[in-house]
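Heads up, the sequence shown is in the working numbering, so the first residue is 1 and it goes up one at a time. C-beta atoms are modelled at their ideal positions from N, C-alpha and C, and glycine is treated no differently. Worksheet: the structure to be examined is printed underneath.
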Amino acid sequence: MVLAAILGMLALILDAQTALNGAKEAVLLCLNVVVPSLFPFFFLSALLVAALSGARSQVLRPLGRLSRMPEGSEGLLLLGLLGGYPSGAQAVTQAWRGGMLSRRQARRLLGFCSNAGPAFLFGIVARQFTSPAAEWVLWGIHMLSSLAVGMLLPGEPQGHVQLARERITLTGALDRALKTAARVCGWVIVFRIVLAFAEKWLLWPLPQVWRVAIMGFAELTYGCTQLGQITSEPLRMCVCSAMLALGGVCVTMQTASVTGALGLGMYIPGKLLQCALSVALCALYLWGLPGWILAGIFAVGIAVAKKRVDFSRKLWYSNRKSSAESEGYAVS
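Right under this line is the structure:
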């Protein structure tokens, strides 16, 4: 960290103009796109998340069973799908700190209970596509791949969970929305400066699609605003689907900042698996398969994979039994 800070200071001293240009672009992006598009969603999401926290629904129970979640914790999956990065991870961490989830349960849920929310999809991603159905398809793929990750990650539900309910006022929702928007804009500025140096010195020889993908995997918001540089809309959808599922370096750092002592658990393996599944689903959709056939093929594929592959032995950290037991992983 110290070395990175020193190198960053040297870069700012030796090429201050690049940093200045990157910061200016990031501020304009925040003022013209991020805040107007996302802030209303952040405010409403804060109210919705509070209303759903601790709620139990029979509608969600089948999804919880498919994802092998502890009974009563299904609301965390819904919060992760609606709240956006890193709201799901924060909700899981709060449940763990409150003693409602064991360490092992919480670290597993981090693998699929933190996702891009509708605020981001319909506020920013929708601008990058001419088809009005594109953002709905991408959101459907994102949710389906998240559920699939829950089915595939190792670990079994244990016990019963009673999540605490949260109460929030309109003023509290406004404060939370302001903090969330400020945090998102702060990370956008930091990573846009880093990417400005990368574009100038490293990324310029690469094809445009690779440049956009790398920028998106580094910082999701900026990468998604650059999707329009990919002329092929089907390719744009696949790249976008991958970026949304993976989240990128910036989102991972935000997630680590809210999980604290809990750590990232299965978050990174879960995101990598979700990225692969999202690209596969997007490719099948673009191939022209009807939705019901696509869902059927996907369900059969998941069932076969679960039967033939012991994923608990495939994930790199699961083979280290002593380490896994000390950290609370499920070891077969």
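In terms of Cβ geometry, Leu110 and Leu220 do not form a close pair [threshold 8 angstroms]. Excluding five sequence positions before and after Val212, the CB atoms of its chain that fall closer than 7 angstroms to its own CB belong to Gly223, Gln226, Leu227, Gln229, Ile230, Val239, given in chain order.
In the three-state reduction of the DSSP assignment, Glu71 falls in the strand class.
Here Trp204 is exposed. Its C-beta has fewer than 16 other C-beta atoms within 10 Å. The closest CA to that of Glu233, considering only Arg165, Asp175, Glu135, Pro154, is found on Glu135.
Burial check for Met266: the Cβ neighbour count within 10 Å reaches 16 or more, so the residue is buried. Around the beta carbon of Leu170, fewer than 16 other beta carbons lie within 10 angstroms, which makes this residue exposed. Distance from the CA of His160 to the CA of Val149, rounded to the nearest whole angstrom, comes to 21 angstroms. Residue burial annotation: Asn115 is buried, with at least 16 other C-beta atoms found within 10 angstroms of its C-beta. Closest in alpha carbon position to Ile168, among Leu47, Met253, Gly22, Gly8, is Leu47. Bounds of any alpha helix (DSSP H) do not take in Trp201, whose DSSP letter is neither H nor E.
Lys179 counts as exposed, since fewer than 16 other C-beta atoms from the protein chains shown sit within 10 angstroms of its C-beta. Annotated as proximal: Ser87 and Leu79, with beta-carbon spacing under 8 angstroms. A Cβ-Cβ contact shorter than 8 angstroms links Gly83 with Gly117. Ser45 sits away from Ala95, with the two beta carbons spaced by 8 angstroms or more. Around the beta-carbon of Arg236, 16 or more other beta-carbon atoms lie within 10 Å, marking it buried. Around the Cβ of Ser257, a 10 Å sphere holds fewer than 16 other Cβ atoms; the residue is exposed.
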